[in-house]
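Which chain is which? The protein sequence lines are S and R, in order.
Throughout the first sequence, residue numbering follows full-length UniProt numbering, covering 1 to 296 in sequence.
Throughout the second sequence, residue numbering follows full-length UniProt numbering, covering 1 to 311 in sequence.
Every residue gets a Cβ at the ideal spot worked out from N, C-alpha and C, and that includes glycine.
The block underneath contains the structure these notes are about, expressed in structure tokens.
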Amino acid sequence: MTLLTTPKTAVRLAAKGRPLREHLFKVALVASLVIALGFLALVLYSMVSKGLGRFDSRLWENMPSIRRPEAAGAQSAIVGTMWLVGLTAVMALPTGILAAIYLEEYADRTRWYNRVIELNIQNLAAIPSIIYGILALGIIARVLGLGFGVLTGAMALSLLVLPIVIIAAREAIRAVPPSIREGSLALGATQWQTIYRQVLPAAIPGIATGAILALSRAIGEAAPLIVLGAATFVPFNPSSVFDRFSALPVQIYFWITQSREEFHLLAAAAIVILLALLLLMNSAAILLRNRYQKRY
Amino acid sequence: MERSSRAAAAPGMRLGRSRPRYGESVVKAVLLLAALVSIATTVGIIASLLSPTIEFFAEVDIVEFVTGTSWGPGFKPPAFGVLPLVVSTVVITLIAVLVAVPLGLLAAIYLSEYASKRVRKVIKPTLEVLAGIPTVVLGFFALTVVTPFLREWTPFDVSFKNGLSAGIVVGIMIIPLVASLAEDAMSAVPNGLREGAFALGSSRMVTSLRVVFPAALSGIIAGVILAVSRAFGETMIVVVAAGSNPSLTVNPLQEMVTFASYIAQAASGDIPVGSTVYKAVFAVGSLLFVTTFVLNYISARIVRRFREVYE
Numbered sequence: 001m002t003l004l005t006t007p008k009t010a011v012r013l014a015a016k017g018r019p020l021r022e023h024l025f026k027v028a029l030v031a032s033l034v035i036a037l038g039f040l041a042l043v044l045y046s047m048v049s050k051g052l053g054r055f056d057s058r059l060w061e062n063m064p065s066i067r068r069p070e071a072a073g074a075q076s077a078i079v080g081t082m083w084l085v086g087l088t089a090v091m092a093l094p095t096g097i098l099a100a101i102y103l104e105e106y107a108d109r110t111r112w113y114n115r116v117i118e119l120n121i122q123n124l125a126a127i128p129s130i131i132y133g134i135l136a137l138g139i140i141a142r143v144l145g146l147g148f149g150v151l152t153g154a155m156a157l158s159l160l161v162l163p164i165v166i167i168a169a170r171e172a173i174r175a176v177p178p179s180i181r182e183g184s185l186a187l188g189a190t191q192w193q194t195i196y197r198q199v200l201p202a203a204i205p206g207i208a209t210g211a212i213l214a215l216s217r218a219i220g221e222a223a224p225l226i227v228l229g230a231a232t233f234v235p236f237n238p239s240s241v242f243d244r245f246s247a248l249p250v251q252i253y254f255w256i257t258q259s260r261e262e263f264h265l266l267a268a269a270a271i272v273i274l275l276a277l278l279l280l281m282n283s284a285a286i287l288l289r290n291r292y293q294k295r296y
Numbered sequence: 001m002e003r004s005s006r007a008a009a010a011p012g013m014r015l016g017r018s019r020p021r022y023g024e025s026v027v028k029a030v031l032l033l034a035a036l037v038s039i040a041t042t043v044g045i046i047a048s049l050l051s052p053t054i055e056f057f058a059e060v061d062i063v064e065f066v067t068g069t070s071w072g073p074g075f076k077p078p079a080f081g082v083l084p085l086v087v088s089t090v091v092i093t094l095i096a097v098l099v100a101v102p103l104g105l106l107a108a109i110y111l112s113e114y115a116s117k118r119v120r121k122v123i124k125p126t127l128e129v130l131a132g133i134p135t136v137v138l139g140f141f142a143l144t145v146v147t148p149f150l151r152e153w154t155p156f157d158v159s160f161k162n163g164l165s166a167g168i169v170v171g172i173m174i175i176p177l178v179a180s181l182a183e184d185a186m187s188a189v190p191n192g193l194r195e196g197a198f199a200l201g202s203s204r205m206v207t208s209l210r211v212v213f214p215a216a217l218s219g220i221i222a223g224v225i226l227a228v229s230r231a232f233g234e235t236m237i238v239v240v241a242a243g244s245n246p247s248l249t250v251n252p253l254q255e256m257v258t259f260a261s262y263i264a265q266a267a268s269g270d271i272p273v274g275s276t277v278y279k280a281v282f283a284v285g286s287l288l289f290v291t292t293f294v295l296n297y298i299s300a301r302i303v304r305r306f307r308e309v310y311e
């Protein structure tokens with residue numbers, strides 16, 4: 001390697017401080033991080049400064065209106081988002097956690113089908129979200145005949161976030177030391193008793209962190225719902241799982257595409273709600289992760 | 001003391017004869033079923049794409065699809081040349097990569113080689129927040145902040161909706177992905193290599209660039225490929241900021257339509273089920289799926305090879 005220097009040079013390096021290019025390199029490193037974080041700050045600042053003027057009770061008390069932007073709100077979109085997230089949590093979290101338990105505790109990695117499942121989950125995590133919209137449109141809405149209600153939307157989002165839940169839950173389960181399992185098995189517990197009473201409780205904080213991050217992804221997704229036709233203007237709250245629905249990101253998209261400036265202010269105000277919600281969930285996840293990071 | 005692998009059965013089960021526990025096999029079957037949902041998802045995606053795509057190519061000549069220079073399934077007469085979408089998708093992905101790769105990699109080097117543990121603990125989650133911003137919000141940001149900036153401060157003739165601002169913001173979106181995957185790869189490089197370099201008198205910069213970076217290169221490349229795949233399929237930013245008028249051009253100052261943004265636009269309009277326009281959405285979807293699948297597969301292959309080196 002070209003790195004070889006005489007011991008004398010090495011001493012000089014240590015004694016006289018770093019040459020200029022070292023400093024410039026470090027400046028470039030810090031600068032790129034500052035630029036990345038600066039964009040984050042700029043996004044938050046521009047949305048809040050634009051939307052704050054319109055951020056009042058009209059937003060959650062009124063329904064969307066295409067004629068009167070000054071009286072329009074996003075209530076049906078907020079309620080629709082709550083429906084979607086609730087149903088997604090009910091469907092995606094149990095499925096994801098059970099799948100993770102299978103892959104970590106039962107699956108024999110030398111079997112080809114277990115490797116296929118594993119590779120497949122990795123691949124699904126990186127499939128564009130709009131493809132899940134096509135899946136929901138083609139299979140769930142038409143072939144299964146579930147229509148274009150809030151249930152179909154939630155199923156699309158569940159499948160979308162399932163890989164995230166599985167990957168996070170697997171990591172949490174893997175972090176539980178084998179000695180805990182061995183202790184439980186040695187006392188005569190069956191494998192499922194060991195998993196249910198020892199492994200899962202120990203893995204819960206990690207699983208919860210992943211679950212929150214997965215749900216926050218579901219809250220922000222618009223593309224699959226737009227393919228399902230959720231973009232059309234919905235002035236009512238869903239009252240059953242088969243009702244048509246709107247959702248915050250979809251409502252925001254709909255307002256952005258309008259040409260009148262009032263709708264853009266409305267969109268920015270709704271974005272403030274959405275971002276506040278997501279920041280709250282993110283900080284909860286980070287707090288949980290830092291607090292319960294156990295070292296065995 | 002030999003430690004058995006975790007997946008192995010309990011020692012007690014192996015030693016003596018035990019009662020068969022049917023409950024245990026039921027549990028295992030239920031768990032396997034949950035894992036199979038992911039396989040069903042992939043099968044469902046392929047099934048939903050395949051039959052409309054085949055029907056599409058029964059109606060539209062595949063040669064016209066591949067070589068045609070005009071895309072407009074709704075035109076009279078309709079045009080089904082996919083090249084404008086291909087070129088636009090590639091151009092926007094390229095701009096995103098030019099933004100994200102330098103910034104993401106430099107940030108990753110800082111986090112992995114320079115930052116103290118405490119700094120890392122604050123900055124990594126903050127970058128994750130950037131990754132968690134809904135893309136429809138980022139699209140709005142591109143439209144209302146980045147595009148006006150480009151129109152005012154650059155000498156170019158930037159149109160109101162354009163591929164450039166969409167590409168830049170897609171790049172911003174994937175910075176955290178590039179940074180975190182590259183950081184993981186560089187953190188996995190054994191400390192012995194660094195210490196060896198330091199012992200030979202190399203500085204931190206030389207160590208980072210000539211020892212750690214090359215050692216982590218395959219992981220970094222896998223991360224970049226994954227980021228490219230994300231940029232390729234990004235929908236909301238492009239649909240909001242890049243417009244809806246497809247034309248065969250490499251000029252990012254004009255309106256551009258990508259695979260994903262075409263699907264979103266076509267699907268949010270009123271298209272009759274079973275029409276050629278409807279099937280065109282699925283044909284474009286197949287193209288998007290196959291491309292991202294190939295990119296993800298390459299990335300996974302590289303990661304697997306890379307892991308063998310240090311474990």
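*Which of helix, strand or coil DSSP assigns to F80/R*: As a working note, residue 80/R is residue 80 in the second sequence. Of the three classes helix, strand and coil, the one that applies to F80/R here is strand, per DSSP.
*Would you say G44/R reaches chain S, if we count a Cβ-Cβ gap shorter than 8 Å as a contact?*
Sequence index remark: in the second sequence, residue 44/R carries index 44 (1-based). It does; some Cβ of chain S falls within 8 Å.
*Just by C-beta distance, which residues in the segment 47-70 of chain S are closer than 7 Å to chain R?*
M47
*Report the three-state DSSP secondary structure of G206/S (helix, strand or coil).*
As a working note, residue 206/S is residue 206 in the first sequence. If DSSP states are grouped into helix, strand and coil, G206/S belongs with the helices.
*Quick one: is L137/S buried, meaning 16 or more other Cβ sit within 10 Å of its Cβ, or exposed?*
Stepping through the first sequence from its first residue, residue 137/S is reached at position 137. It counts as buried.
*asked:* Strictly by DSSP, which residues pair up with G72/R?
replied: As a working note, residue 72/R is residue 72 in the second sequence. G72/R pairs with A79/R.
*asked:* Please report the straight-line C-alpha distance between R115/S and L181/R, rounded to a whole angstrom.
replied: In the first sequence, residue 115/S corresponds to position 115, counting from 1. In the second sequence, residue 181/R corresponds to position 181, counting from 1. The straight-line gap from Cα to Cα measures roughly 22 Å.
*Compare the C-beta of A58/R with all C-beta atoms of chain S and state if any pair is closer than 8 Å.*
Along the second sequence, read from residue 1 onward, the residue named residue 58/R stands at position 58. Not one chain S Cβ lies under 8 Å of A58/R.
*Could you list which residues in chain S have their beta carbon closer than 9 Å to that of residue 312/R, in chain order?*
Residue 312/R cannot be examined here, being either before or after the span of chain R that is shown, 1 to 311.
*Nearest candidate by alpha-carbon position, reference I133/R, set I271/S, L288/S, L287/S and A284/S*: Here residue 133/R corresponds to residue number 133 of the second sequence, with the count starting at 1. Ranking the options by Cα distance to I133/R, first place goes to I271/S.
*For residue 314/S, I'd like the list of residues in its chain whose CB is within less than 8 Å of its CB, leaving aside the five on either flank, ordered along the chain.*
Lying outside 1 to 296, the shown extent of chain S, residue 314/S is not represented and no answer is given.
_So L84/S and A189/S are supposed to be a Cβ contact under 8 Å. How far apart are they, rounded?_
Numbered from its first residue, the first sequence carries residue 84/S at position 84. Numbered from its first residue, the first sequence carries residue 189/S at position 189. With 8 Å as the limit, L84/S and A189/S do not qualify as a contact, their Cβ atoms being about 39 Å apart.
_Below-8 Å beta-carbon distance, A10/S vs any chain R residue_ = As a first step, residue 10/S is located in the first sequence; it is residue number 10 there, counting from the start. Because A10/S carries a pLDDT of 46, less than 50, the predicted location of this residue cannot be relied on, and the following value inherits that uncertainty. Taking Cβ atoms only, chain R reaches closer than 8 Å to A10/S, which makes this a yes.
*At 7 Å on the CB atoms, spell out the chain R contacts of P249/S, in chain order.*
Translated into the one-based positions of the first sequence, residue 249/S becomes position 249. Those within 7 Å of P249/S in chain R are P134 and V136.
*asked:* At a CB distance below 9 Å, what residues from the segment 35-47 of chain S approach chain R? Give them in sequence order.
replied: I35, A36, L37, F39, L40, L42, V43, L44, S46 and M47
*Which full runs of the alpha helix (DSSP H) of 4+ residues lie inside the segment 93-131 of chain R, going along the chain?*
none
*asked:* Distance cutoff 8 Å, beta carbons only. Does V22/R sit that close to anything in chain S?
replied: Translated into positions along the second sequence, residue 22/R becomes position 22. In the sequence as presented, Val is not what sits at residue 22/R; that position holds Tyr. Judged by the 8 Å Cβ criterion, Y22/R is not in contact with chain S.
*Do you know how far the Cα of K161/R is from the Cα of V60/R?*
As a first step, residue 60/R must be located in the second sequence, where it is residue number 60. As a first step, residue 161/R must be located in the second sequence, where it is residue number 161. Roughly 30 Å separates the two Cα atoms.
*Taking the CB atoms as reference points, tell me whether L226/R and L177/R lie closer together than 8 Å.*
Locating residue 226/R in the second sequence gives position 226, counting from the first residue. Locating residue 177/R in the second sequence gives position 177, counting from the first residue. Yes; because the gap between Cβ atoms is below 8 Å, this pair is in contact.
*Are the C-beta atoms of P125/R and some chain S residue less than 8 Å apart?*
If you number the second sequence from 1, residue 125/R lands on position 125. By this cut-off, P125/R is an interface position.
_Other residues of its chain near P84/R: CB distance less than 8 Å, five sequence neighbours each side excluded_ = Walking along the second sequence from the start, residue 84/R turns up at place 84. So the qualifying residues of the chain are T69, S70, W71, P246, S247, L248, T249 and V257.
*Residues in its own chain within less than 7 Å of S159/R by CB, not counting five upstream and five downstream?*
For the purposes of this step, residue 159/R is taken as the residue at position 159 of the second sequence. Excluding residues within five positions, the ones whose Cβ falls inside 7 Å are L253, Q254 and E255.
_Whole beta strand (DSSP E) elements within the segment 124-166 of chain S, 3-residue minimum_ = none
*Note down the Cα distance separating R305/R from N251/R, rounded to an integer number of angstroms.*
As a first step, residue 305/R is located in the second sequence; it is residue number 305 there, counting from the start. As a first step, residue 251/R is located in the second sequence; it is residue number 251 there, counting from the start. Taking the straight line from one Cα to the other gives about 38 Å.
*Just the C-alpha distance for N296/R and D108/S, rounded to the nearest angstrom, thanks.*
As a first step, residue 296/R is located in the second sequence; it is residue number 296 there, counting from the start. As a first step, residue 108/S is located in the first sequence; it is residue number 108 there, counting from the start. Cα-Cα distance, rounded: 24 Å.
*Starting from the C-beta of A79/R, find all residues in its chain whose C-beta is less than 8 Å away, skip the five residues before and the five after it, and write them out in chain order.*
Taking the second sequence and counting its residues from 1, the one referred to as residue 79/R is at position 79. Excluding positions up to five away in sequence, the list reads G68, S70, W71, G72 and P73.
*Residues in the segment 229-250 of chain R with C-beta within 9 Å of chain S's C-beta atoms, listed in sequence order?*
S229, R230, F232, G233, E234, T235, M236, V239 and V240
*asked:* Between S218/R and chain S, is the shortest Cβ-Cβ distance under 8 Å, so that the two count as touching?
replied: As a working mapping, residue 218/R is identified with position 218 in the second sequence. Not closer than 8 Å to any Cβ of chain S, the Cβ of S218/R fails to qualify, so no.
*Under 8 Å between C-beta atoms, does residue 318/R make it to chain S?*
Because chain R in this structure spans residues 1 to 311, residue 318/R falls outside the shown range and cannot be described.
_Please list, in chain order, the chain R residues whose beta carbon lies closer than 8 Å to that of I117/S._
Counting from 1 along the first sequence, the entry for residue 117/S is found at position 117. Correct list: A35, L36, S38 and I39.
*Would the C-beta of I173/S count as close to the ligand PLP, meaning under 7 Å from any of its heavy atoms?*
As for the ligand PLP, it is missing from this structure, which has no ligand bound.
_CB contact flag (G243/R, I139/S, <8 Å)_ = Translated into the one-based positions of the second sequence, residue 243/R becomes position 243. Translated into the one-based positions of the first sequence, residue 139/S becomes position 139. Contact: no.
_Beta-carbon gap between V34/S and F141/R smaller than 8 Å_ = Position 34 of the first sequence, counted from the start, is the residue given in the question as residue 34/S. Position 141 of the second sequence, counted from the start, is the residue given in the question as residue 141/R. Cβ atoms of V34/S and F141/R: not closer than 8 Å.
*CA nearest to the CA of S56/R, picked from V284/R, V145/R, T292/R and A108/R*: By one-based count along the second sequence, residue 56/R stands at place 56. One point to set straight first is that residue 56/R is Phe, not Ser, in the sequence displayed. When only C-alpha atoms are compared, the closest one is V284/R.
*In chain order, what residues of the segment 153-178 of chain R put their CB closer than 7 Å to some CB of chain S?*
I172 and I175
*Give a yes or no on whether the C-beta atoms belonging to A260/R and E234/R are separated by under 8 Å.*
For this step, residue 260/R is matched to residue 260 along the second sequence. For this step, residue 234/R is matched to residue 234 along the second sequence. Yes, the pair counts as a contact, with Cβ atoms nearer than the cut-off.
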